[in-house]
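Take a look at the structure set out below.
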Amino acid sequence: MWRQLFLVNFLVVLCGMMCGGQVLQFGQCVDVKTMQYFDLEEFLGQWYEIERFPIWYEQSGDCAYKRIQYCGRRVEIEHVYVKNGIQFLLHLNTTYVPGDEAVFVVKESNIDPVGIPLTVLTTDYKNYAIMYGCKTSDTLGLKFITAWILSRQPILPEVYLQKAYHEINSLPSVSSVYLEKVDQSALRCQAHWTAHIQAVNFTDDE
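Just so we're aligned: the sequence shown equals residues 1 to 206 in full-length UniProt numbering.
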């Protein structure tokens, strides 16, 4: 009970402070079609963020990319970005069941207190990918939505970008108007030092 009250208060404050840092909508998340015959081995590696929905833990950082790799029996997703001359590496462990839907289950933690699952909507593994997430808060009556257009290179050719826009606009209650471009220029990628942030999962007792 204490944990639920804490989370509600935290989210209320978070929404009030960062209304421009997260896409929020009223209502429930709806089921979306995930990538069929998803091959995790082919998907592993580094993906540059070309455009994204704003989300609090990336703080509109520049030169952002995701590195997806095995960490023991789990899959770790590193969210990396540069802000104010500091490169932040957020280490987030996920649960993925091979042969299941292309969904990485994320537990609530200090990095993502909501625990938004990350879904691979489509990818050709070599050029581009679209990741999407949605999590409903029944207490607040809100859904938290996020999405990324990813590329194996810092620049994504227009043909793939248009495909990504079409895919995102086909989702219920989602629009490409939420997307913000990520600056991948060499100047913005310069960092003086690196900060590693490890996820600490919340438990029922916290």
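By construction, the Cβ of each residue, glycine as well, lies at the ideal position given by its N, Cα and C atoms.
- The three-state reading of DSSP puts Phe-104 in strand, counting E and B together.
- For Phe-26, same chain residues with a beta-carbon under 7 Å away, outside a window of 5 residues either side, are Gly-141, Leu-142 in chain order.
- Nearest Cα to Tyr-48 within the set His-79, Tyr-70, Cys-71: His-79.
- Beta-bridge analysis with DSSP links Arg-52 to Trp-148, Glu-180.
- Contact between Val-200 and Asn-84 does not hold, since their C-beta atoms are separated by about 24 Å, which reaches or exceeds 8 Å.
- A contact is defined here as three or more CB-CB pairs under 8 Å, and the segment 159-169 fails this definition with respect to the segment 61-75.
- With a 10 Å radius around the Cβ and a threshold of 16 neighbouring Cβ atoms, Cys-134 comes out buried.
- Residue nearest to Thr-203 within the set Asp-39, Ser-173, Val-23, Gly-115 is Gly-115 (criterion: CA-CA distance).
- DSSP places Phe-38 outside both helix and strand once states are collapsed to three, so it counts as coil.
- When rounded, the separation of the alpha-carbon atoms in Tyr-37 and Ser-176 is 26 Å.
- C-alpha of Thr-122 to C-alpha of Ile-130: approximately 6 Å in a straight line.
- By the criterion of a C-beta distance shorter than 8 Å, Leu-40 is surrounded in its chain by Val-75, Tyr-96, Pro-98, once the five residues flanking it on both sides are discounted.
- Following the DSSP letters along the chain, one finds Ala-129 in no alpha helix (DSSP H) but inside the beta strand (DSSP E) bounded by residues 128-137.
- Listed in chain order, the non-local C-beta contacts of Thr-119 below 7 Å within the same chain comprise Val-32, Thr-34, Ala-102, Val-103, Met-131, Tyr-132, Gly-133, local neighbours out to five positions each way being set aside.
- Residue state for Val-80 is assigned as strand, using DSSP reduced to three classes.
- For Asn-93, the uninterrupted beta strand (DSSP E) run begins and ends at 86-95, by DSSP.
- The C-beta distance from His-91 to Gln-190 rounds to 22 Å, too long to meet the 8 Å contact threshold.
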